[in-house]
Amino acid sequence: MHWRGIAGVADCRVHKAVASQVDWRAVREDFPILRQRVRGHDLIYFDSAASSQKPRAVIEALRNFYERDNANVHRGLHTLSGRATEAYEHARQRVAEYIGAASADEIIFTRGTTESINLVAQAWGEKFLGEGDVILLTAMEHHSNLVPWQLLAERKGARLQFLPVRDDGTLDIEKLHSLLTPEVKLFAFTHISNSLGTINPVADLCAKARAVGALTLVDAAQSAGHMPLDVQELGCDFLAFSGHKMCAPTGIGVLYGRAELLDSTPPWQGGGEMIVSVTLEKSTFKKPPHRFEAGTPNIAGAVGLAAAIDYIDAIGRPAIFEHDSELARYAADRVSELPGTRVFGPKEERGALVGFVMDAAHPHDLTTFADQYGLALRGGHHCNQPLMRRFNVPGTTRASFYFYNTTEEIDRMVEILHAAVQFFK
Ligand code: C6P
Numbered sequence: 284m285h286w287r288g289i290a291g292v293a294d295c296r297v298h299k300a301v302a303s304q305v306d307w308r309a310v311r312e313d314f315p316i317l318r319q320r321v322r323g324h325d326l327i328y329f330d331s332a333a334s335s336q337k338p339r340a341v342i343e344a345l346r347n348f349y350e351r352d353n354a355n356v357h358r359g360l361h362t363l364s365g366r367a368t369e370a371y372e373h374a375r376q377r378v379a380e381y382i383g384a385a386s387a388d389e390i391i392f393t394r395g396t397t398e399s400i401n402l403v404a405q406a407w408g409e410k411f412l413g414e415g416d417v418i419l420l421t422a423m424e425h426h427s428n429l430v431p432w433q434l435l436a437e438r439k440g441a442r443l444q445f446l447p448v449r450d451d452g453t454l455d456i457e458k459l460h461s462l463l464t465p466e467v468k469l470f471a472f473t474h475i476s477n478s479l480g481t482i483n484p485v486a487d488l489c490a491k492a493r494a495v496g497a498l499t500l501v502d503a504a505q506s507a508g509h510m511p512l513d514v515q516e517l518g519c520d521f522l523a524f525s526g527h528k529m530c531a532p533t534g535i536g537v538l539y540g541r542a543e544l545l546d547s548t549p550p551w552q553g554g555g556e557m558i559v560s561v562t563l564e565k566s567t568f569k570k571p572p573h574r575f576e577a578g579t580p581n582i583a584g585a586v587g588l589a590a591a592i593d594y595i596d597a598i599g600r601p602a603i604f605e606h607d608s609e610l611a612r613y614a615a616d617r618v619s620e621l622p623g624t625r626v627f628g629p630k631e632e633r634g635a636l637v638g639f640v641m642d643a644a645h646p647h648d649l650t651t652f653a654d655q656y657g658l659a660l661r662g663g664h665h666c667n668q669p670l671m672r673r674f675n676v677p678g679t680t681r682a683s684f685y686f687y688n689t690t691e692e693i694d695r696m697v698e699i700l701h702a703a704v705q706f707f708k
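284 is the number of the first residue of the sequence shown in my numbering; add one for each residue after it.
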């Protein structure tokens, strides 16, 4: 079975049989947190786009690490330090395999997507961007893929340009032709919108950028845990994601960078672990990725991320993608039946979430109401203020799914939303 990123989404239909071969009920049992009751009701956790829950395999991997192997990495010559180093570097190798990187040296551990993007903006951007250069973004970016570029543009005298979003929540790709001018040095865009669920055609966007000599950065925060990704097939230059949205602990994330680019990029933070030699006046630095990992890293986080990757791959990403997008489609259909409701994002193909507004109540009131029934939704601007403005709403209510969720839970959500319509009338 071969996957081609989102050019690859169409291929997902070919693998219809895949999700039906997984025992999703048994998979759900791996998540102890889901067994609880909240405010007297069975917990329904529909906030995985904000942070996913963790399977026992990941929790156990963390416990084992701290009970057996814990020590600092790359420093001590003792046994535990050797084991911790091995586990940390094994995690790097595992991430490289997971996203199809050519080498583990192209994988930098960070705190998450936000830090990964800031690293590119501060290290690569500081050296390679100048006055009059353009950073092309889209109008659906999370603040994490907007604010770092605003700060950089201000420092360097560069300009930001934006690919617009159409009413149906897809990118206005026809406009790319006029936006991708020779001044564009970087095109940075999200793979899946965390508010609309739109899945962007990454391979196509990267190819178009490459044709004018622009580099690409893909924000894979909402895709890395949900679908197969292969950075070489996508043809991107940088790719960022967070462990905590894909079954791993908080505080661990990844920046993938093409080797040649990382080699020419200077460090962004200075300190221990990233140097070759230091005098009082001057230092020399290690090669990537260690050049970009100053100080003691999140070793246990990396171990947890490797365990999460093993867990996800044991289920299979084609099956997860099929399952999650089926849930999202079903939810979008069911929610749009509710009176006075507007559902955002594309109708056909969408990532594992549905965002909507209801005439009945403000998203914050709706989310608070849902919580009374043990239903965890998210209400607000989802760190997408410009996108909310584009759609003329103060915020949305969002239900986001992962492979441990069920259609029965969506039916229950719809009942609760019906009750909300009555309550707020
Ligand atoms: N979106 C959501 O509820 P961090 O916080 O660094 O792990 O991820 C930031 C980020 C970047 N890009 C996208 C597309 C995202 O969705 C997120 C995180 C969360 O939608 C918190 S606002």
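Just so you know, even glycine gets a beta-carbon here, dropped at the ideal spot from N, CA and C.
Exercise. Under the criterion of a Cβ to heavy atom distance below 6 Å, does T473 qualify as lining the ligand C6P?
Worked result: Position 190 of the sequence shown, counted from the first residue, corresponds to residue 473. At least one heavy atom of the ligand C6P is nearer than 6 Å to the Cβ of T473, so yes.
For this session: Going by DSSP, name the residue or residues bridged to D325.
Result: Within the sequence shown, numbered from 1, the residue matching residue 325 stands at position 42. Within the DSSP secondary-structure output, D325 pairs in a beta bridge with R320.
Problem set entry | Beta bridge counterpart(s) of S683 as assigned by DSSP | Taking the first residue of the sequence shown as position 1, residue 683 is located at position 400. Residue pairing of S683 in beta bridges, as defined by DSSP: D330 and L636.
Exercise. Just to check, is the beta-carbon of Q505 closer than 6 Å to a non-hydrogen atom of the ligand C6P?
Worked result: Position 222 of the sequence shown, counted from the first residue, corresponds to residue 505. The answer is yes for Q505.
Problem set entry | Three-state secondary structure (DSSP) of R612 | What you label residue 612 is simply residue 329 of the sequence shown in a count that begins at 1. In the structure shown, R612 sits in a helix (DSSP, three-state: H, G or I).
Problem set entry | Simplified DSSP assignment, three categories, for V356 | Within the sequence shown, the letter at position 73 stands for residue 356. Coil at V356, not helix or strand.
For this session: Locate the beta strand (DSSP E) running through V430, then write down its first and last residues.
Result: Within the sequence shown, the letter at position 147 stands for residue 430. Here V430 belongs to no beta strand (DSSP E); instead the alpha helix (DSSP H) covers V430 to K439.
Problem set entry | Collapsed DSSP secondary structure at I382 in the structure displayed | Here residue 382 refers to the residue found at position 99 of the sequence shown. Helix at I382.
Exercise. For L419, which residues does DSSP report across the bridge?
Worked result: For this step, residue 419 is matched to residue 136 along the sequence shown. Under DSSP, L419 takes part in a beta bridge, and its partners are Q444 and F470.
Exercise. Looking at the unbroken alpha helix (DSSP H) that takes in I482, where does it start and where does it end?
Worked result: What you label residue 482 is simply residue 199 of the sequence shown in a count that begins at 1. For I482, no alpha helix (DSSP H) segment is defined, and its DSSP state is neither H nor E.
Exercise. With DSSP run on the structure shown, which of helix, strand or coil describes Y656?
Worked result: As a working mapping, residue 656 is identified with position 373 in the sequence shown. In the three-state scheme derived from DSSP, where H, G and I count as helix and E and B as strand, Y656 is classed as coil.
Exercise. Excluding the five sequence neighbours on either side, which residues of its own chain have a C-beta within less than 6 Å of the C-beta of Y685, listed in chain order?
Worked result: Locating residue 685 in the sequence shown gives position 402, where the first residue counts as 1. Once the five neighbours on either side are set aside, the close Cβ partners of Y685 are S331 and S335.
Problem set entry | Cβ-Cβ distance between W407 and T548 below 7 Å | Residue mapping note: residue 407 aligns to position 124 of the sequence shown, counting from 1. Residue mapping note: residue 548 aligns to position 265 of the sequence shown, counting from 1. Going by beta carbons, W407 and T548 fall inside the 7 Å limit.
Problem set entry | Beta-bridge partners of Y594, as assigned by DSSP | Counted from its first residue, the sequence shown places residue 594 at position 311. Beta-bridge pairing links Y594 to no other residue.
For this session: Using only alpha-carbon positions, find the residue among D648, A542 and I316 that is nearest to D388.
Result: For the purposes of this step, residue 388 is taken as residue 105 along the sequence shown, with counting starting at 1. If you compare the alpha carbons of D648, A542 and I316 with that of D388, the shortest gap goes to A542.
For this session: Just confirm the distance between the C-beta atoms of L610 and R681, as a whole number of angstroms; I'd bet it's less than 8 Å.
Result: Along the sequence shown, read from residue 1 onward, the residue named residue 610 stands at position 327. Along the sequence shown, read from residue 1 onward, the residue named residue 681 stands at position 398. Between R681 and L610 the Cβ distance is about 14 Å, and since that is not below 8 Å, they are no contact.
Exercise. Can you check whether the CB of V417 is closer than 7 Å to the CB of Q444?
Worked result: Along the sequence shown, one-based indexing puts residue 444 at 161. Along the sequence shown, one-based indexing puts residue 417 at 134. Result yes, Cβ atoms of Q444 and V417 sit closer than 7 Å.
For this session: Kindly indicate which residue of D546, T562 and G587 has the alpha-carbon position closest to the one of H573.
Result: For the purposes of this step, residue 573 is taken as residue 290 along the sequence shown, with counting starting at 1. Taking only the C-alpha atoms, the option nearest H573 is D546.
For this session: Give me whichever residues DSSP pairs with G496 in a beta bridge.
Result: Within the sequence shown, the letter at position 213 stands for residue 496. Note: G496 sits in no beta bridge, so no partner.
For this session: With hydrogens ignored, establish whether the beta-carbon of S335 is closer than 6 Å to any heavy atom of the ligand C6P.
Result: Residue 335 sits at position 52 when you count from the first residue of the sequence shown. It does not: the Cβ of S335 is nowhere closer than 6 Å to a heavy atom of the ligand C6P.
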